[in-house]
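Accompanying notes for the structure given below.
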Amino acid sequence: MGLTPAQERVYQFVRGYIDQHGYAPSYEEIRSKLGFQSLNAVFKHIKQIEERGFLRTPWKNKKRALELVHLETGNGVIPFLGVVAAGRPMEAVEVPESIGVPDNFLGNGNNFALRVKGDSMIDDGIRDGDILIITRQPHAENGQTVVALVNGESTVKKFYQHGNDIELRPANENMQPIRVAADMVEIVGLVMGLLRNYRQR
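FYI, the numbering for the sequence shown is 71 to 271, going by my numbering.
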């Protein structure tokens, strides 16, 4: 998955610092520059960023033990199938294109990519214009982020089943969940990764 806005601030600071100095900032430098109240808050964000595969800490006991993960290596090519709504469902339109993505973003089986339109998943770090990497499968567990069709219209949301109803929940406190009968929802696949081009923002 992508980064939350707070995690993204930390990641961008670390990346910029490494680009400028050739080595990573200390946790104290991160805390001071970004205004965190404690080193523990910095450690928490770094750990979450590491778990999402953007950083690694190969030398746990050293002061500047941070490395960027170079996601551009080991690319695979998957179909790029158009746009998915992070908002209200919208018509799914497939386009005959392909896109190269890091192998570690791919799940088992059939993968494809979709560009996000809307901001209903912004609190999970999924923004308008991002490209999602999807693994096709027709089922999901509660809490997983899915691409689903609701009466033939596509949307990306968190999946929850309540008996005979399906809730498709946004990650944006200003938006309401979609709750419909299970037979109105088709799970297309699970979100496995996210690509973002900062130069276009």
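Cβ atoms here follow ideal geometry from the backbone N, Cα and C, with glycine treated the same way.
Check	Outcome
C-alpha distance - G233 paired with N212, whole-angstrom precision	12 angstroms
Other residues of its chain near R266: CB distance less than 8 angstroms, five sequence neighbours each side excluded	G72, R197, G199, D200 and I201
For F124, the three-state DSSP class (helix, strand or coil)	coil
Completely contained beta strand (DSSP E) runs for the stretch 238–271, where each covers 3 or more residues	248–251 and 255–265
R185, enclosing beta strand (DSSP E) - first and last residue	N181 to K187
Given L125 as reference, the closest of E78, R101 and N110 once Cα atoms are compared	E78
For L109, three-class secondary structure by DSSP	helix
Spatial neighbours of T215 in its chain, beta-carbon cut-off 6 angstroms, leaving aside the 5 residues before and after	K228 and V261
Supposed close pair M254, V226 - CB separation, criterion 8 angstroms	Their Cβ separation, rounded to whole angstroms, is 17 angstroms, which puts M254 and V226 out of contact at 8 angstroms.
Collapsed DSSP secondary structure at A218 in the structure displayed	strand
Rounded straight-line distance, which links the Cα of A76 to that of Y87	17 angstroms
Buried or exposed (CB count within 10 angstroms, at least 16 for buried), E161	With a pLDDT of 45 at E161, under the threshold of 50, the modelled position of that residue is not reliable, and no figure is offered here.
Bridge partners - I236, DSSP secondary structure assignment	Q231 and V250
CA nearest to the CA of L136, picked from F83, A251 and G105	F83
Buried versus exposed, by CB contacts within 10 Å (16 or more), D194	buried
When N244, D235 and R206 are compared against I257, the one with the closest alpha-carbon	R206
Buried/exposed call for H91, threshold 16 Cβ in 10 Å	exposed
Where A210 falls: helix, strand or coil (DSSP)	coil
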